[in-house]
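Worksheet: the structure to be examined is printed underneath.
In the numbering used here, the protein residues as written are 1186 to 1459.
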């Protein structure tokens, strides 16, 4: 590729502010309002919602607020989310070599890009990414919570949890790598029905049980892929926030559920005794 292409922001001005100053202020306010867990260990992986900021932004902020101590350490973010706009066989990797938001450009991790496109279950295609919001809405949070980092953006389509887990294992990296799974929970149920359903889904994740379906979570394939990999690496899931659009900015007749969950190393014994 002679000239590195940039995937422009597609949903700025819709899902989040297009003005960089307004965007910084909104994210800063949400992060400052997020309640951090006492003595919470630093996350290796996050499950984060991806709706418009007015709806899911405060829930997403509880996840990103947990990255404070990792600002300089994390240099690579592996970001997986569902493909809403276009069907994908396996996983879609963009041909673009950077993603843009109103806050600037994020470079794609070139070495990973070269390796991933050799996989038979990965297609290099900008089209599924062009209008997709599930990855884009995470980027401004990452830009404000981390210093310089490279991105590995993958849209998950028709893939098995086993294939997704194998892909995550291959990209797992070390302390420099953060895994982010972009997923909302249930869609368009009445408030109390959604709350019951979402609590059950979150409990399933906290117990590290797979088998979540797409009625429970739109990013179910990636979540199901993460769970056994996190288990193999000895991580412990911790619920950071669980709400729905009826709690944030929407009516309660048809809501969408949101959770932020961090997968972390176990707390030291001394911390557990406090």
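C-beta: ideal position from N, C-alpha, C; glycine also.
To the nearest angstrom, report how far apart residue i and residue j are at their CA atoms.
i	j	result
residue 1404	residue 1264	12 Å
residue 1299	residue 1293	10 Å
residue 1396	residue 1409	7 Å
residue 1392	residue 1247	21 Å
residue 1260	residue 1434	34 Å
residue 1428	residue 1229	23 Å
residue 1310	residue 1443	29 Å
residue 1394	residue 1422	11 Å
residue 1354	residue 1305	16 Å
residue 1379	residue 1451	30 Å
residue 1244	residue 1446	10 Å
residue 1269	residue 1319	8 Å
residue 1205	residue 1297	29 Å
residue 1357	residue 1345	18 Å
residue 1367	residue 1430	16 Å
residue 1417	residue 1211	37 Å
residue 1385	residue 1295	39 Å
residue 1377	residue 1402	17 Å
residue 1457	residue 1227	The pLDDT assigned to residue 1457 is 47, lower than 50, so where the model puts this residue is not dependable, and the model offers no usable value.
residue 1439	residue 1412	29 Å
Out of the options, which one is the CA nearest neighbour of residue i?
i	options	result
residue 1399	1297, 1290 and 1341	1341
residue 1275	1335, 1347 and 1237	1347
residue 1436	1409, 1389, 1386 and 1373	1373
residue 1424	1213, 1208 and 1233	1233
residue 1369	1432, 1267 and 1202	1267
residue 1283	1323, 1336 and 1316	1336
residue 1256	1206, 1297, 1354 and 1327	1327
residue 1196	1307, 1286, 1366 and 1244	1286
residue 1407	1351, 1375 and 1426	1351
residue 1250	1235, 1270, 1244 and 1216	1216
residue 1338	1213, 1314 and 1219	1314
residue 1317	1306, 1272 and 1295	1272
residue 1303	1214, 1411, 1278 and 1325	1278
residue 1208	1422, 1325, 1334 and 1432	1325
residue 1193	1281, 1262 and 1401	1281
residue 1361	1349, 1343, 1385 and 1334	1334
residue 1331	1211, 1312 and 1252	1252
residue 1231	1301, 1383 and 1420	1420
residue 1262	1219, 1321, 1308 and 1383	1321
residue 1414	1449, 1383, 1426 and 1381	1449
My output table needs one value for residue i: the three-state DSSP class, helix, strand or coil.
i	result
residue 1269	coil
residue 1193	coil
residue 1289	strand
residue 1213	helix
residue 1252	helix
residue 1387	helix
residue 1208	helix
residue 1259	coil
residue 1438	coil
residue 1445	strand
residue 1203	coil
residue 1277	strand
residue 1244	helix
residue 1329	helix
Just checking: is the beta-carbon of residue i within a distance shorter than 8 Å of some beta-carbon in chain B?
i	result
residue 1372	Reference to chain B is not applicable here, since this structure consists of a single protein chain.
### Entirely enclosed beta strand (DSSP E) segments - the region 1394 to 1429, minimum 3 residues
1421 to 1429
### Message
With three or more C-beta pairs closer than 8 Å as the rule, is the region 1277 to 1297 touching the region 1225 to 1243?
### Response
no
### Query
Do three or more CB pairs link the region 1197 to 1205 to the region 1382 to 1389 at distances below 8 Å?
no
### Query
Along the chain, which unbroken stretches of the alpha helix (DSSP H) at least 4 residues long are found entirely within the region 1340 to 1393?
1346 to 1356 and 1376 to 1391
#### Entry: Segments assigned alpha helix (DSSP H), at least 4 residues, entirely inside the region 1299 to 1327
1312 to 1315
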